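Mapping of the sequence shown onto our numbering: residues 12 to 592, in sequence order.
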Amino acid sequence: MYHTLKPIMAAALCVSLFSAAAPAHAETHDRDVIVVYKNQNGKESAIDSGADVEQTYQHLPAVAVSADSQTVKDLKQDPDILYVEDNVSFQAAGGSDIRPLSAVQSSSYALPQWDIEPTQVKQAWKEGLTGKKVKVAVIDSGIYPHDDLSIAGGYSAVSYTSSYKDDNGHGTHVAGIIAAKHDGYGIDGIAPDVRLYAVKALDRKGAGDLKSLLKAIDWSIANKMDIINMSLGTNADSKILHDAVDKAYKKGIVIVAAAGNDGNKKPVNYPGAYSSVTAVSASTEKNGLAAFSTTGKQIEFAAPGTNITSTYLNQMYATADGTSQAAPHVTGMFALLRQKYPEETNTQLRQQMQQNVKDLGAPGRDSRFGYGLVQYHIKQKSFAERAVIKAEKTKKQTDINQAKTAVSKLSKSKGKTALESRINKVQTARNVTDARDKVRTAEKQKKKTAVNAAQSAIRKLPAGSEKKGLQKRLNAVNSSLLKTAEASVKQAEKKTSEASTAKAQKAVSEIQPGKEKNALEKRLDRIKDKLNRQQARDKVKTAEKTKTKKAKSAAQTAVSRLKPSAEKTGLQKRVRAIRVK
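This is how it looks when you write it as structure tokens:
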């Protein structure tokens, strides 16, 4: 539950990842750093450097070590090391903002939840969407065993315990928003049937470090999570953290993070600010922006984040505020969409979510609410159908190709067949337009390349009057090119010169292969032979007159080009007889 950062303390349960100022160390004190390597040699250099290895990673090219200043300096200068980063610390400060309910309140059969109505999530439940089989990792302080939660498993990325049990409370509160059971008791989570994993990266005080967060992300990749929720953040950019979330995203994982609680007009915290992460701002009961919520162009969606009741330690419930509470609402909604559209990528699911919003603030995407408040729409069109609709509207080949790809990923059904029929109609219309355009270009340019392109486009058309008409027009272009070539060859025969021959050659090259072209090429060969013989005579005569080495060489070159004949033999004898001065 992110809260506004203050000079010494911030509201608790809001994991406010912020960089610790570098303490003054003596030269002999070790530093905790993350070493990012380029290759296996770099990894071995880090491990064999003498530093204490604290963490290695399966999917990240990094090693967390504790090393003295000289070792760190040596690693930075190693050509096989990409870069070295300090192991940034972060913490969840204080506990004054968490509001545990009394034992009597916590034992109520159903606790009030204002946040369910604006998200319209009940419509999804009616459709049978509960996040079933979707794997969700809550990277936080762990999850405390609770009757309202079903925990599928987890992992501890912190050094002091191998247990992923929550000893702080924040992670349990976040988990309940996502996955509390629908059992008529306590609260209802957005996606109660997800496979919930507790990935502990924070300690009992809500404090953690970069190496543990990286380990948590690495574990999530290795265990093929579908969605990661990170209700935490920092004002300090970290290249390795950026690389880690990008790696997870490339593996197909949807990543959701709290935007931060530094207040309006303050920059979105990391990792939420990275493009591979969905950053979430907090909305109020009146669909306004929570005063504490960070804003910025990276905000993708908004969700309820004030007076949110959820699960807590020791079988209790608690109420809290923050973008930490807003983020799991979005994570839960993503789980519902993952169940509904199992074949779609994480990028496509983000696009789906854009259609499941209520636009707040300025029209379209804005820096306060992003695309809008997450809100399930019962008649949501599938990504494939929207792609087909777009292709039908624009008729652009790129849009048609995207629609084809989207439709191809659907399971076999009548709906898929109908979409395939629609996109085929669009493609046919696109092919007709392309053929018309290319025939028109061929008529204008009268070039072989344009004619070939037009012919290729015509072949894609179904048999019919349109195809016959376009073929007739293209045949007329070919006839025109043939007439031009015949006239050029005739002119070259009449007045043989290099210019007329080159012109004829160019004209012949533009016509289509066939008997006519073969005949013209034979006539052109005779013209070239005649021209070559005349040039050879002239060059030999010049060489006999000037008797220079250069002239003799030119004559020999010209004679060598001739086809075998009595004239060539005679000219060759004359060249050999020339005595150079």
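Even for Gly, the Cβ is constructed at its ideal location relative to N, Cα and C.
Predicted, not measured: the structure shown is a model, and the values here were computed from it.
If you count every other CB in all the chains shown that lies within 10 Å of the CB of Pro282, and 16 or more means buried, which is it? buried
Determine, using beta-carbon pairs with one atom in the region 319 to 332 and one in the region 406 to 415, whether at least three such pairs fall under 8 angstroms. no
Backbone secondary structure at Glu431 - three-state DSSP: helix
Among the candidates Ala402, Gly142, Ala121 and Val256, whose CA atom is the shortest distance from the CA of Asp159? Ala121
By DSSP, does Lys146 sit in helix, in strand, or in coil? strand
By a C-beta neighbour count over all protein chains shown, 10 Å radius and 16 as the cutoff for buried, is Arg379 buried or exposed? buried
Sequence-distant residues of its chain with Cβ nearer than 6 angstroms to Ala461 (five each side left out): Thr452 and Ala453
Count the other CB atoms, across all protein chains shown, that sit within 10 Å of the CB of Lys574; report buried if there are 16 or more and exposed otherwise. exposed
C-alpha distance - Asp448 paired with Lys436, whole-angstrom precision: 18 angstroms
Going by C-alpha to C-alpha distance, which of Ile201, Gly200 and Thr305 sits closest to Gly244? Thr305
For Ile238, name the three-state secondary structure that DSSP assigns. strand
Are the CB atoms of Leu430 and Ala395 within a distance shorter than 7 angstroms? yes
Is the region 519 to 527 close to the region 550 to 561, with three or more CB pairs under 8 angstroms? no
Counting C-beta neighbours from all protein chains within 10 Å, is the total for Glu311 16 or more, i.e. buried, or is it exposed? buried
Closest by CA to Gln350, which one among Pro203, Val83 and Glu296? Pro203
Just checking my contact of Lys146 with Lys235 at CB under 8 angstroms: how many whole Å lie between their CB atoms? 7 angstroms
Could you tell me whether the region 290 to 299 touches the region 326 to 338, where touching means 3 or more Cβ pairs closer than 8 angstroms? yes
Cα-Cα separation, Lys406 to Ile434: 10 angstroms
Please determine if the region 257 to 272 and the region 227 to 242 are in contact, where contact requires at least 3 C-beta pairs separated by less than 8 angstroms. yes
Name the DSSP beta bridge partners of Val586, please? Answer by DSSP bridge pairing: none, since Val586 is not bridged.
Thr559 in three-state terms, based on DSSP: coil
Around the C-beta of Tyr382, are 16 or more other C-beta atoms found within 10 angstroms, so that it is buried, or is it exposed? buried
In its own chain, which residues sit with a C-beta less than 8 angstroms from the C-beta of Arg548, not counting the 5 before and 5 after it? Leu582
Run through DSSP, which three-state label would Ser490 get? helix
Beta strand (DSSP E) runs wholly inside the region 136 to 209, at least 3 long, in chain order: 146 to 151 and 162 to 167
Going by alpha carbons, who is nearest to Gly333 out of Ser60, Glu509, Ser499 and Ala269? Ala269
So the candidates are Ala78, Tyr196 and Trp136; which of them puts its Cα closest to the Cα of Asp117? Looking at the sequence provided, one finds Ser at residue 117 rather than Asp. The residue with the shortest Cα to Cα distance from Ser117 is Tyr196.
Spatial distance of Lys560 from Ala569 (CA atoms): 14 angstroms
For Ser220, the residue or residues it bridges with in DSSP: The sequence given here places Asp at residue 220; Ser does not occur at that position. For Asp220, which the question treats as bridged, DSSP gives the partners Ser100.
So who's on the other strand from Ala290, going by DSSP bridges? Ala268 and Ile310
Quick check on the DSSP output: the alpha helix (DSSP H) that includes Val83 runs from which residue to which? Ser80 to Gln88
Please state whether the Cβ-Cβ distance between Gln66 and Lys297 is less than 7 angstroms. no
Which residues bound the alpha helix (DSSP H) around Gly53? Gln51 to Ile58
Name the one or two DSSP bridge partners that Tyr285 has. According to DSSP, Tyr285 bridges with nothing at all.
Quick one: measure Cβ to Cβ for Leu207 and Ala233, integer angstroms, because I've assumed they're closer than 8 angstroms. No, Leu207 and Ala233 are not in contact; Cβ-Cβ is about 18 angstroms, not under 8 angstroms.
DSSP three-state label for Lys276, please. coil
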